[in-house]
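Oh and the sequence shown: position 163 is 208 in this note's numbering, straight run, nothing missing.
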Amino acid sequence: MSGRPQRVAILFDTAGFVRTLPLTGAAARTLFLNKHLARQGVDVRLFLCDLNAESQPSTAWPFATSYLDYSAFYSDPQKLVPELKDFAPDVLVMANSQLTAEYGRGLADSVGAALVYEMHDDEGSLLRSIHRPEDECREAAFAQSRAIAAADGVVALTDEDAQVARAMTRMPVHVVPCGVEPGPQPLPASSRTLAFVGNLYYEPNRRAVEYLRSDPFAGRLRATGAAVEVYGRYPAELRGQDHQEADFVRLRGPVPHLRDAVASSIVGLAPLDSGGGMKLKVLEYIGAGVAVVGTTIAASGFEWFERFGLIAMDDLTDFPDRVEQLLTDDALRHRLGAEGRLLAETWYSWDRMATLARRAYLDIRDAAALTVVTPLTLALRAVEPPYWLREWTGRQGTGETEPLPLLDETDDMDGVSQLAEAVDCARLAAQSRTGVSFPRTGSAGYKGRSVAFFADDAVLKVYTHRGEDRCSRELAGLTYAGDRCPDLNIPAPIASASLQGSLSWIVTRRITGGPVATWDRALAVDLGRLAARLHAEAPGSSPFRRSPSVRAAQSTHDAVYRSLLDKYHQSKETAECHVGFVHGDFSSRNILIAGGRISGIVDFERSGTGCRYHDLVSVYLHDGLMMNLPWRDFLAAYTAESCVTLSHEHLEHHLAEYFCWILEWAPVVDPQLASSVGALALRFLERGAR
């Protein structure tokens, strides 16, 4: 190893990544510890078997990743030897007890590496704590003892687990806890929400959420005005019958920016009555500057838990008391949150943990070189499927990952990758919430500002730009239009979510109908009547906005833009708006046809309350000018249905406004659209709206 960086190979099997985003504690530790090892100059290579179809390697990771198939890990581990020999690692790190016991020693010897067993839990005790059958507990304990005996050294997460390992081996045992990446200092939370973080396929987390829903906790804390936000994957059976925004416990699914989501809460919860190892959820809480309430099981591995949290008994009898104490004592809550944040930035930083791991690997490598081992013949033989495979099998089919449509033309591939992960998290959250399975591939909306996923009976729309505002407008618009036009197909909302740290999304019923191919007089009359019915009321929704910002358009369309702006301002003084509901993009792009008649309308993400002429100019521009809509028939039907006499001058006022608005952003975002609209605007300036 002299003269070159330390080389560390990690053999890791999981179903814990969505693209490159870790969704389990083991996946998070593997990613962040090795990321910081690489930043300290260690040559790291991850040999990853991830059966999750959404898992993908990333150039954003500062270490190499070799994706290996299931057979290399579980059927024919001889396949691992060539790649490992080519890398020539100093240490081989394995965390799976069964794999380490069955072929870890032989694999490490065949490539000349020291074998490190990373011990995440005392596995026998863990299974007993969740009341698994005793023979299963003994089998797990035996497999772990064999893994410890086979290794040149052990890295444990807690002192308690290290003591277990030291009783079974004379080789070095080191403690390298989990860490946290705190990120920017969080803003003070203004809500009374409580956070729980965890993968609910893991039995201790599942039991914790069932407790949070129980009367001893929910009945007590609901009266304080608090609510619990749960972040992490969860099975359909936990969704229950009452999963609404008004629920005390709200299952939110995975979120891409967990720290931001947790920081919106004021207390982090860890009501664990079972489990082992170090709890990453506690680290997430202190990284977000949130005070913690946890049991002694949750406090395991933390030297100074009392500096950032309150400890409750493992039987949870006093857990509600501790939470209520923090809700009522602002000074205590803020002090604990600040102390935890300081520890997250120093003692529990991943950079410190990487330093500990690097030293541990060097010590284990040196000890292995001095150890005289009796030669053993260990075959690299196949082993039984891993424990996590039971979870994965019921959740997701196998298959190749299909690419998400490119959300925009950009050289920032890391940014695209992060956005793709956020979209995937929203899709998984929507699937958990609704029980609907959406395909992995979606359809990108205009310039990637949304992505739609189509199931047989439902549609998921994920907003990638100004999501919270657009989602709330869509939800309000769909609700209003469904009530106003019950005879039409309006996509009925099923579920939606807008959470800090994640993309907003909405799931609606999928409706039938096709796009408009050509307009005839009968369809123009239908469209005029539909517009009038939608405009008839002014619901208390958000104001509709589409005013030009009155800035010079930096493009070849400057002269046209300035002339349009003059026309807009000249007519503004005498303009009389007719306030009502505004769809926001009322045109053939969002009208569905079936049986020669208008059957439905979609896409309400820009809807609100405003002047109804905003919709009329959309129809005029997109359909009257571009698709030869019989304009006079449309206007006659609209006037007859609405009993409103339309003003030609006011129509031209809003048309000038619409042209200006498009020419302010389209030259940069969509030059082709800018050219088309610029030509139509010039025609409008010469002839008016005729």
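The C-beta atom is built at its ideal place from N, Cα and C for all residues, glycine as well.
Requested in this report: Please classify Tyr162: does DSSP put it in a helix, a strand, or coil?
Outcome: In this structure, Tyr162 counts as strand in the three-state DSSP scheme.
Query raised in the report: Using a beta-carbon distance below 8 angstroms, is Val53 in contact with chain D?
Result: Reference to chain D is not applicable here, since this structure consists of a single protein chain.
Query raised in the report: Along the chain, where does the beta strand (DSSP E) that runs through Arg554 open and close?
Result: It spans Trp550 to Arg554 - the beta strand (DSSP E) in which Arg554 sits, taken as one unbroken run.
Query raised in the report: Helix, strand or coil: which one does DSSP assign to Cys530?
Result: Cys530 carries a coil assignment under DSSP once its states are collapsed to helix, strand and coil.
Query raised in the report: With a CB to CB cut of under 7 angstroms and the five nearest residues on each side skipped, what residues in its chain are close to His302?
Result: Residues of the same chain with a CB within less than 7 angstroms of the CB of His302, apart from the 5 flanking positions on each side, are Gly546 and Ser547 in chain order.
Report task. Give the range of the beta strand (DSSP E) segment to which Thr684 is assigned. Result -> For Thr684, no beta strand (DSSP E) segment is defined; the enclosing uninterrupted segment is the alpha helix (DSSP H) at Trp676 to Ser687.
Query - alpha helix (DSSP H) segment containing Arg297, residue limits - result: Where Arg297 is concerned, there is no enclosing alpha helix (DSSP H), although the beta strand (DSSP E) it sits in stretches over Val294 to Gly298.
Query raised in the report: How many angstroms separate the CA atom of Ala414 from the CA atom of Gly151?
Result: Their backbone Cα atoms lie some 16 angstroms apart in a straight line.
Requested in this report: With DSSP collapsed to three states, give me the class of Tyr279.
Outcome: Secondary structure at Tyr279: coil, using DSSP grouped into helix, strand and coil.
Requested in this report: Measure the C-alpha to C-alpha separation of Leu239 and Val273 and round it to an integer number of angstroms.
Outcome: Distance between the alpha carbons of Leu239 and Val273 is about 5 angstroms.
**Report entry** Residue(s) in a DSSP beta bridge with Thr340
**Finding:** BP columns for Thr340 point to Ala357.
Query raised in the report: Are three or more beta carbon pairs between the region 570-583 and the region 671-684 nearer than 8 angstroms?
Result: These segments touch.
Query raised in the report: So, using beta-carbon positions, are Pro299 and Leu245 closer together than 8 angstroms?
Result: Cβ atoms of Pro299 and Leu245: not closer than 8 angstroms.
Query raised in the report: Roughly how many angstroms lie between the CA atoms of Leu700 and Leu708, to the nearest whole one?
Result: Rounded to the nearest whole angstrom, the CA to CA distance from Leu700 to Leu708 is 12 angstroms.
Query raised in the report: How big is the Cα-Cα spacing for Leu696 and Ser632?
Result: Approximately 16 angstroms between the Cα atoms of the pair.
**Report entry** Under 8 angstroms between C-beta atoms of Leu56 and Phe92
**Finding:** At the C-beta level, Leu56 and Phe92 come within 8 angstroms of one another.
Query raised in the report: Excluding five sequence neighbours on each side, which residues of the same chain lie with their C-beta closer than 7 angstroms to the C-beta of Arg566?
Result: Same-chain partners within the cutoff: Pro675 and Asp678.
Query raised in the report: In chain order, which alpha helix (DSSP H) runs of at least 4 residues are fully inside the region 186-229?
Result: Entirely contained in the region 186-229, the alpha helix (DSSP H) runs reaching 4 residues are, in chain order, 204-211.
Query - Contact check, His165 vs Ala140, beta carbons under 8 angstroms - result: Result yes, Cβ atoms of His165 and Ala140 sit closer than 8 angstroms.
Requested in this report: Given a cut-off of 8 angstroms, decide if Ala471 and Arg555 are closer than it, judged by their beta-carbon atoms.
Outcome: No.
Report task. Excluding the 5 residues preceding and the 5 following Pro448 in the sequence, name in chain order all residues of the same chain whose CB lies nearer than 8 angstroms to its CB. Result -> With a pLDDT of 41 at Pro448, under the threshold of 50, the modelled position of that residue is not reliable, and the figure given next carries that caveat. Result list for Pro448: Thr486, in chain order.
Query raised in the report: Quick one, which of Leu730, Phe589, Trp349 and Ile643 has its alpha-carbon nearest Gly559's?
Result: The shortest C-alpha separation from Gly559 is found at Ile643.
Report task. Kindly provide the ranges of any beta strand (DSSP E) runs that are 3 or more residues long and lie completely inside the region 63-111, ordered along the chain. Result -> Segments of the beta strand (DSSP E) lying fully in the region 63-111: 88-95.
Query raised in the report: By a C-beta neighbour count over all protein chains shown, 10 Å radius and 16 as the cutoff for buried, is Leu160 buried or exposed?
Result: Counting every other CB atom within 10 Å of its CB across the protein chains shown gives Leu160 a total of 16 or more, marking it as buried.
Requested in this report: Enumerate in chain order the residues of its own chain whose CB-to-CB distance from Asp648 is below 7 angstroms, with the five nearest sequence positions on each side excluded.
Outcome: Only Asp630 and Asn635 meet the Cβ criterion.
Report task. Give a yes or no on whether the C-beta atoms belonging to Gly153 and Leu137 are separated by under 8 angstroms. Result -> In the sequence as displayed, the identity of residue 153 is Ala instead of Gly. Taking a C-beta distance under 8 angstroms as the contact criterion, Ala153 and Leu137 qualify as a contact pair.
Query - Ala474 versus Phe62 - alpha carbon distance - result: Their backbone Cα atoms lie some 14 angstroms apart in a straight line.
Query raised in the report: Grouping DSSP H, G and I as helix and E and B as strand, with all else coil, what is Gly640?
Result: For Gly640, the secondary structure class from DSSP, reduced to helix, strand or coil, is coil.
Query raised in the report: For Phe729, does the three-state DSSP call read helix, strand or coil?
Result: The answer is helix: DSSP assigns Phe729 an H, G or I state.
Query raised in the report: Helix or strand or just coil, what does DSSP make of Tyr508?
Result: Of the three classes helix, strand and coil, the one that applies to Tyr508 here is strand, per DSSP.
Report task. Check whether the Cβ of Tyr393 sits closer than 7 angstroms to any heavy atom of the ligand ADP, and report yes or no. Result -> With respect to small molecules bound, the structure shown includes none, and the ligand ADP cannot be examined in it.
Query raised in the report: Between which two residues does the alpha helix (DSSP H) harbouring Leu172 extend?
Result: For Leu172, the enclosing alpha helix (DSSP H) starts and ends at Glu168 to Ser174.
Query raised in the report: By Cβ distance, which residues of its chain are closer than 7 angstroms to Ala132, with the 5 residues on each side in sequence left out?
Result: Checking the sequence shown, residue 132 turns out to be Phe, not Ala. Within the same chain, Phe132 has close Cβ partners Arg52, Ala54 and Arg90.
Query raised in the report: Do the region 357-372 and the region 327-342 meet, that is, are 3 or more Cβ pairs less than 8 angstroms apart?
Result: With a cut-off of 8 angstroms, the region 327-342 and the region 357-372 count as touching, because enough Cβ pairs lie within range.
Query - Rounded straight-line distance, which links the Cα of Leu609 to that of Ala333 - result: Approximately 49 angstroms, taken between the alpha carbons.
Requested in this report: For Cys622, count neighbouring Cβ atoms within 10 angstroms of its own Cβ and tell me buried if that reaches 16, exposed if not.
Outcome: Cys622 counts as exposed, since fewer than 16 other beta carbons sit within 10 angstroms of its beta carbon.
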